[in-house]
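**Q** Heads up: the protein sequence lines correspond to chains A and B, in order.
The C-terminal residue of the first sequence carries number 453 in our numbering, and the numbering is unbroken.
The C-terminal residue of the second sequence carries number 308 in our numbering, and the numbering is unbroken.
Ideal Cβ positions, reconstructed from N, Cα and C, are used throughout, including at glycine.
Given the structure is predicted, the values throughout are model-derived calculations rather than measurements.
The following block contains the structure, expressed as structure tokens.
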Amino acid sequence: MALRYFGAAAAVAFAVGMTASPALAVTEIQWWHAMTGANNDVIVKLANDFNASQSDYKVIPTYKGSYPDTMNAGIAAFRAGNAPHIMQVFEVGTATMMAATGAVKPVYKLMTDAGEKFDPKNYLSAITGYYSTSKGEMLSFPFNSSSTVMWVNLDELKKVNAEIPKTWPEVFEVAKKLHDNGHPTCGFSNSWVTWVNLEQLSAWHNVPLASKANGLDGFDTKLEFNAPLQEKHLEKLVELQKDKTYDYAGRTNQGEGRFTSGECAIYLTSSAFFGNVKAQAKFNFTAAPMPYYPDVKGAPQNSIIGGASLWVMGGKSADEYKGIAKFLTFLSDTDRQVYIHKASGYLPITKAAYEKAKAEGFYKDQPYLETPLLELTNKEPTENSRGLRLGNMVQLRDVWAEEIEQALAGKKTAKQALDASVERGNTMLRQFEKTAVK
Amino acid sequence: MQKQAIFQSKLLPYALVAPQLAIVLIFFYWPAVQAVIQSFLLQDAFGLSTSFVWFENYVELLSDPAYFETIVRTFFFSFAIAASSLSVALLLAVMADKPMRGGAVYRTLLIWPYAVAPPVVGVLWVFMLHPSLGVLSRYLRAAGIEWNPLLDGNQAATLVILAAAWKQISYNFLFFLAGLASIPKSVLEAAAIDGARPMRRFWTVTFPLLSPTIFFLLVVNIVYAFFDTFGIIDTMTRGGPGKSTETLVYKVYNDGLIGGNLGSSAAQSVILMVMVIVLTGIQFRFVERKVTY
């Protein structure tokens, strides 16, 4: 008997819960992101400003953890049938998102469907190219973009009477000096080991990382980075690791504190490291362009971006898409782009915003903030430097990092490590090709 | 003589077990069945395209020598963690069992680490032993040891085992303390009167009488090392350098969630499930014969 009463009570409670929800008048737009600290504040401010600017839509930003965590949360939510409207996905997730036809709504289509004014030519092609089809259709909306730069501790360089190195041989030379004079544990180092030493290195020297324009022209791409340039570079790192003229600092950016603490005076990582450097470094610093090998013809080419873009998820209502389109237009506004650029250190994505920041003299006092933009636009991108689109990229990077670690630990030669990276990576690419939606 | 059920209605007992059964079905059987189904499928991360591939995921897995390396590594980790945490805990328990001033304080402090969540344990040890941030690594370097778990696989493995074992010591300690308290004093006194020295008393009287506790803890520790070290590995090494700290569970996570290869990940879970079933089966059979509860 008691059970029956309980059942009735539960039914009533359920009915009450059901009738309570349709009371909402505004359309909510869920925005899942992976930004912390000062950048999280930027996201919240953008959402608040948008919500205050009109009354039909409400953007609700939610922090979902690291980049991989956010992406996994979004994928899991999609499988469960309640994906967010907008999802911030890091650049290496691009191929996975792109392959998910039906799960995502391409941005160019969203804008046309919603009747929003949208001209892809207004955006910096060095940035949007990464997120566009080969026909130039923008698939996702670049939000926070960065590139690899070389952070330099100017005070320490002065102590050893060294100029800022421009080429790799110069870097090795300066690092040796630093190592012998007060930096026994680290002459130079880098974060994101594969991004810096394989992906960017290849683009910067106009050599392919993978066939089919690094995967942009098709999922049947094959890795090709077990080539002389990459091999020579890794060999050098292995050699310098022995006495810590180069010292490995981990797969992601957990080693970045070694620059701000003063341990490593030369450190290659994302330009988005700026916020932390500014807050923590007690020395004069700058961000120089990535070094290059002068014996490679045409180097340096141009760098590729890192960071993340906003993907619009599929299966939402027309009204919701209208709100999302309005929000993306809102984000593209020149003043707003300048604000994002200044507040976060990430790059502006429209040409107008870049020009405006320049005109305002923003780069006069902080020339290092222009470094990544100059790298990205150094030359007209080629097949090898437009971007990367490799499936399973997150795990690919882990596999490459595993192999590089083996080489640096002296268990494999540079050639063996790169051959194994390519071979294991190709197996994973074929696996991805099999499951990708045709 | 067995007591008869005291329930009047025939349905009531079923109704009373129902919640528990529902939990087991929803949270254990249903996901397990899902995993078995998924392990026969090839699917993209979003679940948009699915094809049935029979045993392809298993074949691919079992023809990969790296998978066997991971199995061997996981067993090695389990035994290393179980052995080190059990022996240290036993030593501490035997010492804390002696009457002494402030014994309760020692005991409480020794139990404390159990309250620390695995990822926090990982972070704590990383702070102490990180090659450039760690306090302890500075001493290690001063002592002439090339300490760099970011590149040296053996050092990374040692680090994970150390952290995982450290966390489990408290739990083992607690059970050993209870086990020691339940050993009748008269037996030990009789042995003492017969002229057995403390060491001999420990090995011939205390240790055998503790064997049920030891066995129970061995099972718990191996299961812990198999499954609960995930948080520690994820915060400390993420399975690296190379693959030197990748355990079976970490691989399931890495392939499934990071790699989006759900079929292989599910196949690995199923293999893991079979392993645990077999392990538990063998152990309990062994127990019933050898260990007296």
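Taking a cut of 9 Å between CB atoms, which residues from the region 271-301 of chain A lie near chain B?
**A** Going along the region 271-301 of chain A in chain order, one finds Gly272, Arg273, Ser276, Glu278 and Cys279 with a Cβ nearer than 9 Å to chain B.
**Q** Is the shortest distance between the beta-carbon of B:Pro256 and the beta-carbons of chain A less than 7 Å?
**A** yes
**Q** Under 8 Å Cβ to Cβ from A:Ala367, same chain only, skipping five residues before and after it: list those, please.
**A** Asn137, Thr349 and Gln352
**Q** Give the DSSP-derived three-state secondary structure of A:Trp219 in the structure shown.
**A** helix
**Q** If we define contact as Cβ-Cβ less than 7 Å, is B:Phe241 a contact residue for chain A?
**A** Contact of B:Phe241 with chain A is not assigned, every C-beta pair being separated by 7 Å or more.
**Q** Assuming A:His100 contacts A:Glu335 under a Cβ cut-off of 8 Å, what Cβ separation, rounded to an integer in Å, is found between them?
**A** 6 Å
**Q** In terms of residue numbering, what span does the alpha helix (DSSP H) encompassing B:Ala180 cover?
**A** Gly168 to Ala196
**Q** Near B:Ile248, which residues of its chain fall below 7 Å by C-beta distance, leaving aside the five closest residues on each side in sequence?
**A** Val175, Gly254, Thr260, Thr262 and Tyr265
**Q** Under the three-state reduction of DSSP, which class applies to B:His145: helix, strand or coil?
**A** coil
**Q** What residue does the beta strand (DSSP E) around A:Pro76 start on, and which one ends it?
**A** Tyr72 to Tyr78
**Q** For the region 114-143 of chain A, which residues have a CB atom closer than 8 Å to at least one CB atom of chain B, in sequence order?
**A** Ala114, Ala115, Thr116, Gly117 and Ala118
**Q** Might you give, ordered along the chain, the residues of its own chain that have their beta carbon closer than 7 Å to the beta carbon of A:Val119, omitting 5 neighbours on each side?
**A** Met112, Trp326, Val327, Met328 and Gly329
**Q** Can you list, in chain order, the residues of the region 142-168 of chain B whose Cβ is nearer than 9 Å to any Cβ on chain A?
**A** His145, Pro146, Ser147, Leu148, Arg156, Asn163, Leu165, Leu166, Asp167 and Gly168
**Q** Considering only residues of the same chain and omitting the five flanking positions on each side of B:Ser197, which have a CB-CB separation below 7 Å?
**A** none
**Q** So what's A:Asn393 in DSSP terms, helix, strand or just coil?
**A** coil
**Q** Relative to the C-alpha of A:Glu171, which candidate in A:Glu420, A:Gln410 and A:Phe298 has its C-alpha closest?
**A** Closest in alpha carbon position to A:Glu171, among A:Glu420, A:Gln410 and A:Phe298, is A:Phe298.
**Q** Where does B:Trp127 land, buried or exposed, given buried means 16+ other C-beta within 10 angstroms?
**A** exposed
**Q** May I ask you to report which of helix, strand or coil DSSP gives A:Ala268?
**A** Checking the sequence shown, residue 268 of chain A turns out to be Asn, not Ala. A:Asn268: coil per DSSP, three-state reduction.
**Q** Return the Cβ separation of A:Ala72 and A:Thr116 in integer angstroms, given the expectation that the two are a contact with Cβ distance under 8 Å.
**A** Note that residue 72 of chain A is Tyr in the sequence shown, not Ala. With a beta-carbon spacing of about 26 Å, A:Tyr72 and A:Thr116 fall beyond the 8 Å limit used to define contacts.
**Q** Can you tell me where the beta strand (DSSP E) holding A:Trp166 begins and where it ends?
**A** Phe156 to Asn168
**Q** CA-CA distance, B:Leu189 and B:Phe217?
**A** 18 Å
**Q** Using alpha carbons as the reference points, say which of A:Glu438, A:Leu283, A:Ile281 and A:Gln256 lies closest to B:Asp167.
**A** A:Gln256
**Q** Ignoring anything shorter than 4 residues or poking outside the region 345-417 of chain A, list the alpha helix (DSSP H) runs there in chain order.
**A** 349-359, 366-374, 377-380 and 386-391
**Q** State the DSSP-derived secondary structure class of B:Met314, mapped to helix, strand or coil.
**A** One cannot answer for residue 314 of chain B here, as it falls past the ends of chain B, which runs 16 to 308.
**Q** Does DSSP put B:Trp127 in a helix, a strand or coil?
**A** helix
**Q** Please classify A:Thr442 as buried or exposed, where buried requires at least 16 other C-beta atoms within 10 Å of its C-beta.
**A** So A:Thr442 counts as exposed.
**Q** Please identify the residue among B:Asp79, B:Ala111, B:Gly257 and B:Leu57 whose C-alpha is closest to the C-alpha of B:Thr123.
**A** B:Ala111
**Q** Would you say B:Thr250 and B:Pro164 are within 7 Å of each other, going by their C-beta atoms?
**A** no
**Q** Are A:Val175 and A:Asn196 close, meaning C-beta to C-beta below 7 Å?
**A** yes
**Q** Can you say whether A:Leu403 is buried or exposed, counting buried as having 16 or more other CB atoms within 10 angstroms of its CB?
**A** buried
**Q** Quick check on the DSSP output: what are the complete beta strand (DSSP E) runs of length 3 or more inside the region 245-290 of chain A, in order along the chain?
**A** For the region 245-290 of chain A, whole beta strand (DSSP E) runs of length 3 or above, ordered along the chain, are 281-285.
**Q** Select from B:His145, B:Asp270, B:Ala282 and B:Ile229 the residue whose C-alpha is nearest the C-alpha of B:Ala97.
**A** B:Ile229
**Q** Using a C-beta cutoff of 7 Å, does B:Asp59 count as contacting chain A?
**A** B:Asp59 counts as touching chain A.
**Q** Let me confirm a value: A:Ile281 is counted as buried when at least 16 other C-beta atoms fall within 10 Å, else exposed. Which label applies?
**A** buried
**Q** Which same chain residues end up closer than 8 Å to A:Ala432 when comparing Cβ atoms and leaving out the 5 residues on each side of it in sequence?
**A** Leu249, Glu418, Ile419, Gln421 and Ala422
**Q** Cβ atoms of A:Ser155 and A:Val122: under 7 Å apart, would you say?
**A** yes
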